[in-house]
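Residue numbers (our numbering): 403 to 629. Think of the CB as a built atom: it goes at the ideal place given N, C-alpha and C, for glycine as much as any other residue. Everything on this sheet refers to the single structure shown next.
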């Protein structure tokens, strides 16, 4: 019975890897169009390396170094990237030293850390880069190990306390793209430091966060099955 459960979990994880990588391949070029292709990427809670692999294929565009940080429980045989591009760390208890990069990211990871460590996650990301791609589960989203589901406004305030500005310029490209999981279409934002914002040509409309629109998107997407 236990063996069967383990095999089922492994199957679900592999299926999730495929779907996450497919989404990453769609989203990465859009992010690059907004902030440029990064020379280096660090992904906190990067799992099997879905997003790192999606960035790595753009080596000819300048992406040279990708690093996925996750727990030792991620098996080597499930990785989509080389072990050399992975950092193993018990993220339940600690975060690794800051790794300076052009783009720091964390996709659907922060909901797995306790509330009191939320600031540590944001500190790591904002100290690593002036550009952060961030997505975290919202209340009632549901999922295995979700202990810290928060509204985007919760994270926005933490980033703003560190001088970073929310830029809602990614979601509009994928709101109705059903091949990307609803929660990812709902939750993904850029957070950018002032010194970087001034160098980017981003329409002012993307700096506005309208709660009613966020709520509407939540109701229209998150009630649909995602697994």
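If you drop the 5 nearest sequence neighbours on each side, which residues of the same chain put their C-beta closer than 8 Å to that of residue 617? Note that residue 617 scores a pLDDT of 48, beneath 50, so its modelled location is shaky; the value from the coordinates is reported in the next line. Within the same chain, residue 617 has no close Cβ partners at all.
Reducing DSSP to helix, strand and coil, say where residue 524 ends up. Note: residue 524 maps to helix in three-state DSSP.
Candidates 525, 422, 436, of which the one nearest residue 605 by Cα: The shortest Cα separation from residue 605 among 525, 422, 436 belongs to 436.
Measuring CB atoms only, is the region 434-448 touching the region 525-537, in the sense that at least three cross pairs come out at less than 8 Å? Enough Cβ pairs lie closer than 8 Å, so yes.
Can you tell me where the beta strand (DSSP E) with residue 556 in it begins and where it stops? No beta strand (DSSP E) holds residue 556; the alpha helix (DSSP H) holding it covers 554-563.
State whether the region 514-525 contacts the region 544-564, with contact taken as three or more CB pairs (one from each stretch) at a distance under 8 Å. The answer is yes - the region 544-564 touches the region 514-525, with three or more Cβ pairs under 8 Å.
Proximity below 8 Å, CB of residue 602 to CB of residue 587: Cβ atoms of residue 602 and residue 587: not closer than 8 Å.
Is it buried or exposed, residue 355, if we count other Cβ atoms within 10 angstroms and call 16 or more buried? This structure does not reach residue 355, given that the chain is present from 403 up to 629, and the question cannot be answered.
Mind pulling the alpha helix (DSSP H) runs of 4 or more residues that sit fully within the region 485-554? For the alpha helix (DSSP H) assignment, the uninterrupted runs of no fewer than 4 residues enclosed by the region 485-554 are, from N- to C-terminal side, 520-530.
How far does the beta strand (DSSP E) with residue 444 in it reach, from first residue to last? Its beta strand (DSSP E) spans residues 442-446.
Going by C-alpha distance, which of 470, 423, 433, 479 is nearest residue 446? Measuring from the Cα of residue 446, the nearest candidate turns out to be 470.
Find the nearest neighbour of residue 563 within the set 543, 490, 521, judged by alpha-carbon distance. Minimum Cα distance to residue 563 is reached at 521.
Alpha-carbon to alpha-carbon, residue 450 and residue 579: One C-alpha to the other measures close to 23 Å.
Leaving out five residues before and five after residue 501 in sequence, what residues of the same chain have Cβ atoms less than 7 Å from its Cβ? Excluding sequence positions up to five before and after residue 501, its CB lies within less than 7 Å of the CB of 444, 469, 530, all in the same chain and listed in chain order.
Let me know if residue 466 comes out buried or exposed under the rule of 16 or more other beta-carbons within 10 Å of its beta-carbon. Residue burial is scored here from C-beta neighbours: residue 466 has fewer than 16 other C-beta atoms within 10 angstroms and is therefore classed as exposed.
Under the DSSP definition of a beta bridge, which residues are partnered with residue 470? DSSP lists 445, 488 as partners of residue 470.
Coil, strand or helix - residue 594 by DSSP: Note: residue 594 maps to strand in three-state DSSP.
How would you call residue 569, buried or exposed, if buried means at least 16 neighbouring beta carbons within 10 angstroms? Answer is buried; the Cβ neighbour count reaches 16.
Can you name, in chain order, every residue of its own chain whose Cβ lies under 6 Å from the Cβ of residue 490, other than the five neighbours on each side? Within the same chain, and ignoring the five residues on either side of residue 490 in sequence, the residues whose Cβ sits closer than 6 Å to its Cβ are 474.
Just to confirm before moving on: does the CB-CB distance between residue 553 and residue 541 stay below 8 Å? In this structure, residue 553 places its C-beta atom within 8 Å of the C-beta atom of residue 541.
Per DSSP, residue 463 is paired with what? Answer is none; residue 463 lacks a bridge partner.
When DSSP labels each residue in this structure, what does residue 572 get in the three-state scheme? If DSSP states are grouped into helix, strand and coil, residue 572 belongs with coil.
Apart from the five residues just before and just after residue 419, which ones in its own chain have a Cβ nearer than 8 Å to its Cβ? Taking C-beta separations shorter than 8 Å and ignoring five residues to either side along the sequence, the partners of residue 419 in its chain run 449, 450, 452, 480, 482, following chain order.
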